[in-house]
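Visitor:
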Amino acid sequence: MSGGLRVDDLPDRLVVTLDRPEKRNAIDADLIGALHEVCAELEARPRLLLLTGGVEGIFAGGADIAQLRERGRLDALAAINQAAFARIRALPMPTVAAVDGPALGGGAELAYACDLRVCTARAVFGQPEVRLGILAGAGATHRLPVLVGEARAKELLFTGRRVDAEEALRIGLVNRVVAEPAELLPVAHQLLDEIAKGSALAVRLTKLAVDAPPAAHPHLDLVSQAVLFEDEEKHRRMTEFLDRRRAR
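If you read the sequence shown in the numbering used here, its first letter stands for residue 62, the second for the next number, and so on.
1. What whole-angstrom Cβ distance do Val171 and Ile88 have, given they're in contact under 8 Å?
2. By Cβ distance below 7 Å, which residues in the same chain neighbour Glu64 in space, the five residues on each side in sequence not counted?
3. Name the two residues that bound the continuous alpha helix (DSSP H) containing Val248.
4. Give the secondary structure of Val235 by DSSP, where H, G and I count as helix, E and B as strand, and everything else as coil.
5. Which two residues bound the contiguous alpha helix (DSSP H) that contains Gly101?
6. Per DSSP, Ala164 is paired with what?
7. Give the straight-line distance between the Cα atoms of Val185 and Ala164, rounded to the nearest whole angstrom.
8. How close, in whole Å, do the beta carbons of Gly187 and Arg223 come, if the pair is a contact with beta carbons under 8 Å?
9. Compute the Euclidean distance between the alpha carbons of Leu218 and Arg307, then round it to the nearest angstrom.
10. Could you compute how far the alpha carbon of Val264 sits from the alpha carbon of Asp80?
11. Distance, Cα to Cα, Lys84 vs His97?
12. What is the rounded straight-line gap between the Cα of His203 and the Cα of Ala214?
13. For Val271, count neighbouring C-beta atoms within 10 Å of its own C-beta (all shown protein chains included) and say buried if the count is 16 or more, exposed if not.
14. Are Leu208 and Leu234 touching if we call contact CB-CB under 7 Å?
15. Expressed to the nearest angstrom, what Euclidean distance is found between the alpha-carbon atoms of Leu289 and Thr267?
16. What are the boundary residues of the beta strand (DSSP E) that Val68 is part of?
17. Based on the DSSP secondary-structure assignment, which residues constitute the bridge partners of Arg307?
18. Run through DSSP, which three-state label would Asp225 get?
19. What does the Cβ neighbour count give for Ile126, buried or exposed, with the cut at 16 atoms within 10 Å?
20. Return the first residue and the last residue of the alpha helix (DSSP H) that Val111 is part of.
21. Could you check the C-alpha separation between Val157 and Glu131 for me, to the nearest Å?
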């Protein structure tokens, strides 16, 4: 795929690799356009998503500063990065970011847009925007407080301090840390494999329920469960469970 992405289309998932090594995977307008194409594909045919930096030792160094410097207020209001990341966040099926090395600024916000994060021991997350005279406008101001709590999020957003892998795991910013870079993609795939063992419809409706605003509960849960209770997959899976128990 053009636009600085490589896409591997697997039966139950897409593996999307940021591919701008000469720019440390900086997020520019072309890459944002390519991410929209990925989202369109996954909206039309829902599957799991694994998003990775590809180049060993870098996930994404942030937005392309040369482009960002020239953007004006109308560009900010156009929500260029924010719209793409919000679309990733709203994808029907779960998403996993596999992070090796720095995920800074827009790169960190891209990782936050995914449902789950796996990283290497050398991963680093940070929001340096205030030091560049802007704010973290592509999701960190509302996603980071949900992930790590309001006070800690404010500290990171106000200071631009970087968080290493050990701290990221401790504060809930990532789900798993692997010791060696070679372990990163296998562990990310293992996590997706575990998700894929469940009913695709049940997983999809579970994500919808978890991401819904508080006012949607319990009504959304009840309607979703009603749909699943009538699903043939539910009947098959429960029958197989009962058969296995009887066999034991």
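All C-beta atoms, glycine included, are put in the ideal place defined by N, C-alpha and C. Remember, it's a predicted structure, so these values are computed and weren't measured experimentally.
Guide: Quick look at the numbers:
1. Here the sequence assigns Leu to residue 171, which means Val is not the residue at that position. Correct: roughly 7 Å between the Cβ atoms.
2. Position check: residue 64 holds Gly in this sequence, whereas Glu was assumed. The residues are Asp91, Leu92, Gly94, Ala95.
3. 245-257
4. coil
5. The sequence given here has Ala at residue 101, not Gly. First-last of the alpha helix (DSSP H) with Ala101: 90-105.
6. Ala121, Phe186
7. 6 Å
8. 4 Å
9. 55 Å
10. 30 Å
11. 20 Å
12. 9 Å
13. exposed
14. yes
15. 11 Å
16. 66-70
17. Answer is none; Arg307 lacks a bridge partner.
18. strand
19. exposed
20. For clarity, residue 111 is Leu in the given sequence; the question names Val instead. That residue, Leu111, is in no alpha helix (DSSP H); its beta strand (DSSP E) goes 109-113.
21. 32 Å
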